[in-house]
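To keep things clear, I will list the structure first and then write my remarks on it.
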Amino acid sequence: MKSVEIPTSTQPAVYKSNLKPIWCPGCGDYGVLSALCKALANIGRPPHEIAFVSGIGCSSRIPGYTTAYGFNSVHGRALPIAQGIKIANPDLLVIAAGGDGDGFSIGGGHLPHAIRRNLDITYIVMDNQVYGLTKGQLSPTSPCGAKTVTSVYGSMEAPVNPLATVLGYGCGFVAQGTPADLPGLIALIEEAIRYPGFAFVNVQSPCVTFGSPDWQLPQHKKTLKKLIELGHDPANRLAAFDLAQQYGEELHVGVLYRNPNPPVTYDQLVRQRQAELAGNTVQKDRILEMFKVA
Amino acid sequence: MKSVEIPTSTQPAVYKSNLKPIWCPGCGDYGVLSALCKALANIGRPPHEIAFVSGIGCSSRIPGYTTAYGFNSVHGRALPIAQGIKIANPDLLVIAAGGDGDGFSIGGGHLPHAIRRNLDITYIVMDNQVYGLTKGQLSPTSPCGAKTVTSVYGSMEAPVNPLATVLGYGCGFVAQGTPADLPGLIALIEEAIRYPGFAFVNVQSPCVTFGSPDWQLPQHKKTLKKLIELGHDPANRLAAFDLAQQYGEELHVGVLYRNPNPPVTYDQLVRQRQAELAGNTVQKDRILEMFKVA
Amino acid sequence: MTKSFGSQIRGGESSCRVRLSTSKVLSAGGVLNIAIALNWEDYNKFGAELPIDEETLVIYEAASQTPPDALPLAVKPGEAIAVPIAEIARPFGDKSKNMVVLGLIAGWTGIAREALLHGIEKKLGRKGPAVLEPARQAFFAGESFAREHPLAVDRTLSPAPQRETPLLLGDGNEVCAAAALFAGCQFFGGYPITPSSEIMHLLSREIWKFGGGFLQAEDEIAGIGSAIGASFAGKKAMTATSGPGMSLKTEMIGLATIAELPLVIVNVQRGGPATGIPTKSEQADLLQACFSSHGDAMRPVLAVTSVADTFATTVEAFNIAEHFQTPVVLLSDQEIAQRKEAFEPIDTSRIPVIDRLRPTPEQLDNYHRFAAGADGISPISQPGTPGGNYLASGIEHNEEGAPTQSGVVHERMLQKRFRKFDALQRRRDLIEIEGDLDAPIGVIAWGSVAGVCREAVAIARENGLPVKLLVPRLIYPVIEKVYEEFFASARHGLVVEQSFQGQLYRLLRMYVNVPDGFISLARPGANPLIASQIARKLEQIASKSLQSLYV
Amino acid sequence: MTKSFGSQIRGGESSCRVRLSTSKVLSAGGVLNIAIALNWEDYNKFGAELPIDEETLVIYEAASQTPPDALPLAVKPGEAIAVPIAEIARPFGDKSKNMVVLGLIAGWTGIAREALLHGIEKKLGRKGPAVLEPARQAFFAGESFAREHPLAVDRTLSPAPQRETPLLLGDGNEVCAAAALFAGCQFFGGYPITPSSEIMHLLSREIWKFGGGFLQAEDEIAGIGSAIGASFAGKKAMTATSGPGMSLKTEMIGLATIAELPLVIVNVQRGGPATGIPTKSEQADLLQACFSSHGDAMRPVLAVTSVADTFATTVEAFNIAEHFQTPVVLLSDQEIAQRKEAFEPIDTSRIPVIDRLRPTPEQLDNYHRFAAGADGISPISQPGTPGGNYLASGIEHNEEGAPTQSGVVHERMLQKRFRKFDALQRRRDLIEIEGDLDAPIGVIAWGSVAGVCREAVAIARENGLPVKLLVPRLIYPVIEKVYEEFFASARHGLVVEQSFQGQLYRLLRMYVNVPDGFISLARPGANPLIASQIARKLEQIASKSLQSLYV
Ligand SMILES: Cc1ncc(C[n+]2csc(CCOP(=O)(O)OP(=O)(O)O)c2C)c(N)n1
Ligand SMILES: Cc1ncc(C[n+]2csc(CCOP(=O)(O)OP(=O)(O)O)c2C)c(N)n1
Ligand code: SF4
Ligand code: SF4
Ligand SMILES: [Mg+2]
Ligand SMILES: [Mg+2]
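Chains as they are written, first to last, in our numbering: chain A, 1 to 294; chain B, 295 to 588; chain C, 589 to 1139; chain D, 1140 to 1690.
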């Protein structure tokens, strides 16, 4: 489980590197970076105990803008790398992040398995319904009918519903936020990191350059609905699944689902197994004894 | 949409090739092959109008045992290939099939997209909760605690829940069957093929060689519960999602979910778009005119 | 025209190179004739991409307060003029600095004002006179400044001769997509990636009009997978990507090889490895193109050599794919793919289009999908054809398509799959050789670097060097005879390419005895190779090779 | 011992080859000394895998009613004896035919009864006397039959000398996994695939005991991805696969290269391409191992040469990975990986284990992850270390790890990443050379074929041919000097390998001048190469090369 000591002195700035973001002015990802640094400051683990992994995309540049041990890997592969890190060293606080394309398209095959394995990892998707870095193609969360450079006559596909998808996978912590509600987003990310197990946060992080005009921060401010105010009970998985159906139509922010009885995480099981079997260790210089014929 | 004329004379044997299956005696896949050939005979499309695609695994050998145009491709890639076929020639009846490993593990990244694109393809998974062809490793549907050659101390992972997963993806037709109830399985496969859109059938097809002893055909016969007898309404998606949670504990057979208002399929949209734009076709020998500078 | 951007997604620095000539433009060009720096900091961010030498005219913003003899440049340019660009532009609004610069250039070089004014009108006309008119005025202001400040060395260009047929304008990616449609491509499946995405963009608009289908897949594996499916279904199919996507497609390329399904795979190369430098050109995916699959698999590899050549070479890729029932890798590179080039109209009626061999009714009577004639090619049926039913597979199979474990059948099938490419050894037309066939010095180059080397060889020839040039459009299989003949006279020379390892040089060594006098001139990507430098290298080689005659 | 199965998953035909010798067994063997056919149909299903020649003793089931001079074999064997095996076995139950056969062999060759009886007891003892006793009786019955029917040519073997230390028994996959643990591997991430899965099986049991972690991933990309993650986190990590999985890992291998993360990737080769022939051996993934990534990427490629050698070579793979901070491809092949072999105990105390270079406290004061010394290697910090924080990435980066688009930095980093491998040119110990260094004839072989060639060279030497043998354990980078020296005397010879293309031959040509007298002897997989045939080829070469001396 993640350490929860909070040295009160930690400042968000400690988590910001001096690399200048390449993001366009006004990009939603600036807000995500701020919120994350604030949440980390609240938690208080020093940067060198954090491993922050991403794929490729505008959003996936984020680890480089923090002082954590960062890994800006290749497109779609943040989660396998993050899992390898966490198994290899469960003491680390492991965060994965990336775009909607990175996570639900090319990386979509890793998500169900990361979720069912349930390592204590927080996964933040900056969902802007478009491929930002490659300049505006259809993304898996682009709405049906969306006109982009690869769908000039309008997309003919239903979008991925990230919230329903991860609930279908049995994810223990599912939330959605937006930089339009920064305090809310900070709280969600903090709660996700503190959740003992795999936690998923979908952030509606608008692309000002290629994104849809009616899905930008000012719009968010107007339309967002706080789940807590809707009276949603985050312990109710079926209700969460029902609410999730409105993804893309309603902007729900808050915790959709939090497993009230989080199961033991995989990284804890790894430790248990290592401890249980440690007594059987053969000395390395006697390793060939396993090939002796009786 | 698939043709639904039924020439009454078609015999199941017409769909069986003379290749001798390599399956172990008693393997559940024999039943799936029978059921499929029966269902195809009921539908009556001739074998040369059928394209039958699979990945790699014991189960994925199935196209070779039929007289359809078969494609026994590589591990996990049946669905992308099937989609390419259907878009290229919507007249074909396209079926994809494979194992739990093939479909939910290595091929798991393709499933959400095949479902949201909603081409008129039927996908049959022979779910035996194990890797048969590679001789008994953990599969994504192996239950937690399962002991296999890669999990001698017991698996530490929650399994994939195929039914909940595809419901999370918004699949329009979701069913489960078992060769232990052959007439039921025939009917399910036939209904899936007739469903105008992407249809998913999970078949509990036991591996007699590496499979779990309490999940074999005689057991199935005893424990299976017909959804229709449970009074389940297949038009109720939320109820289906709720029932799906019992995957691995209860053996539900029947249709979990059938969209009562199937949307237009992608292959139909492809045709529409081709028809709409056909008038704009440039003569091939004048194709370079698009590079003229005004 | 080659554009280049800083790492910023939007905003930030960018540069644009334009090369103008009355003769054929063969490359983006090396050293700049005229360099314009709107500010020095951004100019220098592009580093070696914008090289200057002792002949360059440098025009820069006077507001930078840099004395002409203290420019922040490694080389002292021929002439440097500080122009108060911002000041001149100010009356005409924020965005008119570029117009002032156009005016300056028109003024100093005499480049056709009419055409420039026409261009400005085309670009801005529909935004209304409130936008257009200040732009025109800014242009005029630039022009007057030039007139009032003549250059030390006159740089006036004589007007271009009038052309009968106007040139076409496009970039390599667009031309590639158009050629695919011409070749009969009816399916594209792919996943966006810089710098190949424009192929996909164009096809996503146009392919429907030709009765084709399009899929933006969830990843590159699904992209090629869907194309393999479409090819199995009987359609000419294509996928396009860049290095990282190419790596992901590796397994599926092997599948298409053993299942003998026609398919064109375009790789628009960029800086590697891994994510590398996505927006810059490199030629370092050649060995991958030839050897990435596991097992003994063989696929032809073609490379485009200019924007215009992209048309014919893309059609050739389809023809080879269809005729030999094979995946074909078509290599382009960012330099060609994203460079807007004016090119001569192409006589498409002289470009043949080949379709795959279908079984005859007799063959369908007892159809054996993989039964091959002497040429290794077997007729391929398509779903929907009665009697043509067969099993395609990635498993080794016998003539009927049934899976096998037999070493004997395996060997027979490998022979079939390799033998069919023997015919490519006769495609001498797919290697271009220029210059005196008996020349003792040779240059071998491919892709966008071929254009640079054409210029380098022209320079060397003007200087009296006996140099010939070899540019393969079909790179693999290596057409051994052609190289042997080339090397028969040329015992010295260069294999020039934009990679660190010198991949073509190594590839050639595998199959032909490359003379020891041939040197690999290999530079990694991002910065352009420069024709004059290559020409200088040729002179060194020439003097050494002459020496060697006397040893 | 090499087992082979028909295509049936369970049931169906299977064969088993055992090779016994008092000297070191170097390969699975070619032509059989003794062949036993329980029925001819199944025997012949294995085709060329079970070759027979004029000296083979064939024992077959009398019930098949085949006269000894009408056996369904291409070659007439030395002697053929029909034995009523089923009849003899009948009293002892269904499964005792094998025991009868063991008795026959013991009877005719004199192979140690005691050991055989001990083996039977070990195998069946715990099933109780009701199983054990009939088996023993069946063995005795076979023995008596043999005693009563002496062979035409005596085949009695003299008893093996008593050994001081008993041999160890294992297959290549198990030895590879054990070596990984010895080398300090603490993470395995992978996906099952024949014929590599046993590496994963063993590690899934044992790695925890060494404080390590294990992940059966959802696919090969995630398998290598998790291993890259673990390596980034500071642990020695490994993944293992076979051809199709290797193809899928292509992109991630490039990532490990540019991010400079140590990693061992095992590829147990099988028949290709695509799914190919999963259960048979081939050596056709070599060029892929060297060149599959896009971009200029370089990784060392090692190959094991026997079951026993798998230990040292696997440890070497880890040492190279850790020292050079690089992915390493370790090639094995099905023949070695799944062959049970008895081998001499290995003195592990003489095998060094090397760990990656960590930054010193001073270096951590102002840590630049990719700042390299002259040797190109930079100290690598691990998460959890204060001050060592850095950004690993697949994007080209500068010394600090910050992303860059600069061609100049790109070139500098490429130089660093290639330069570090210069040191491998000095690792002559990773190439084994046997025989007279001045021999005019040479053989080069790798992987399991090295063992076959050791035998072939021994035969050739016995016949008086002056032959030497070169077996690289480090195949790539090609240690040029060693080959140049080898070729200095040997101007004729063979490069022997089990692939269609002759991949090692081509690879060598890329980097060294292979004499024209060196011929590629390349045969595709599934069927074994045969030492005597290679020896014969050497004789041909010898007579030709001698001729050439007189030309
Ligand atoms: C294997 C591979 N395929 C494709 C790409 C090109 N590519 C880079 S980022 C990206 C998608 C970006 O979209 P998203 O993940 O939503 O991130 P965003 O830029 O919108 O934040 C693509 C297709 C790549 N780098 N690697
Ligand atoms: C890329 C790749 N990875 C791994 C394999 C090895 N492999 C073949 S089938 C299989 C899994 C079989 O399990 P499943 O899909 O459930 O089918 P089953 O045999 O149980 O019917 C694996 C891992 C392969 N052929 N290709
Ligand atoms: S392109 Fe869009 S997602 Fe990318 S930095 Fe700009 S605004 Fe952000
Ligand atoms: S191993 Fe299992 S799944 Fe495979 S054929 Fe045998 S019984 Fe069927
Ligand atoms: Mg996005
Ligand atoms: Mg299975």
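Quick reminder that beta carbons are idealized off the backbone N, C-alpha and C, glycines included. Just so we're clear, the structure is a prediction, and the values are computed from it rather than from any experiment.
The beta-carbon of Leu327/B is placed no less than 7 Å from the nearest beta-carbon of chain D. A Cβ-Cβ contact shorter than 7 Å links Ala180/A with His220/A.
Taking 7 Å as the CB threshold, Gln1147/D lines the interface with chain B. Just measuring C-alpha positions, the residue of His1340/D, Gly1323/D, Gly1258/D and Ile1338/D sitting nearest Gly1350/D is Gly1323/D. Under a criterion of Cβ atoms nearer than 7 Å, the residues of chain B adjacent to Thr165/A are, in order, Pro406, Gly462 and Tyr463.
Taking non-hydrogen atoms of ligand 1 into account, the C-beta of Cys24/A is found less than 6 Å away from none of them. Counting C-beta pairs with one atom in each stretch, the segment 430-439 of chain B and the segment 568-587 of chain B have fewer than three that are closer than 8 Å, which means they do not touch. Counting only the Cα atoms, Asp120/A lies some 8 Å from Tyr266/A.
Listed in chain order, the beta strand (DSSP E) runs fully inside the segment 1397-1458 of chain D are 1402-1408 and 1440-1442, counting runs of at least 3 residues. For Leu269/A, the C-beta contacts it makes with chain B under 7 Å involve Met450, in order along the chain. Distance from Ile487/B to Ile337/B at the Cβ level is roughly 6 Å; contact confirmed, criterion being Cβ atoms closer than 8 Å. The shortest CA-to-CA distance from Ala1213/D to any of Leu1307/D, Ala1201/D, Ile1191/D and Cys1429/D is the one to Ile1191/D. Taken atom to atom, the span from the alpha-carbon of Leu230/A to that of His252/A is near 9 Å.
Here Pro1525/D is exposed: its Cβ has fewer than 16 other Cβ atoms, across all protein chains shown, within 10 Å. Counting along the chain, Leu1057/C sits inside the beta strand (DSSP E) bounded by residues Val1055 to Pro1060.
Shown here, Phe912/C sits in a helix according to DSSP, grouped into three states. Here Lys1374/D carries a coil assignment [DSSP, helix/strand/coil]. Proximity of the beta carbon of Val208/A to ligand 3 is indicated: a heavy atom of the ligand is located closer than 6 Å.
Between Thr66/A and Ser34/A, the gap from beta carbon to beta carbon reaches 7 Å or more. CA-to-CA, the gap between Gly760/C and Leu1117/C works out to about 19 Å. Using a cutoff of 6 Å, the CB of Val454/B does not count as near ligand 6, since none of the ligand's heavy atoms is closer than that. Sixteen is the threshold: when 16 or more other Cβ atoms of the shown chains lie within 10 Å of the Cβ of Ile624/C, as they do, the residue is buried. Less than 7 Å separates the beta-carbon of Gly883/C from that of Gly1415/D.
Under the Cβ criterion of 7 Å, Gln137/A is counted among the residues facing chain C. In the DSSP assignment, the residues bridged to Lys519/B are His546/B. His789/C is positioned such that its CB atom lies closer than 7 Å to that of Val149/A. Along the segment 87-116 of chain A, going in chain order, the ones with a CB nearer than 7 Å to a CB of chain D are Ile87, Ala88, Asn89, Asp91, Leu92, Gly109, His110 and His113. With 16 or more other Cβ atoms inside 10 Å of its own Cβ, Gly76/A counts as buried.
Closest by C-alpha distance to Ser1146/D, out of Tyr463/B, Lys314/B and Ala408/B, is Lys314/B. Under DSSP, Asn202/A forms a beta bridge with Val125/A and Gln176/A.
With 16 or more neighbouring CB atoms inside 10 Å of its own CB, Lys1008/C falls in the buried class.
Taking 7 Å as the cut-off, the Cβ atoms of Ala844/C and Ile816/C count as close. Among the residues facing chain C, Tyr131/A is included, as its CB has a counterpart in that chain under 7 Å away. Boundaries for Cys1324/D: no alpha helix (DSSP H) harbours it, while the beta strand (DSSP E) harbouring it runs Cys1324 to Gly1329, taken from the DSSP string.
Glu1390/D is positioned such that its CB atom lies closer than 7 Å to that of Leu836/C.
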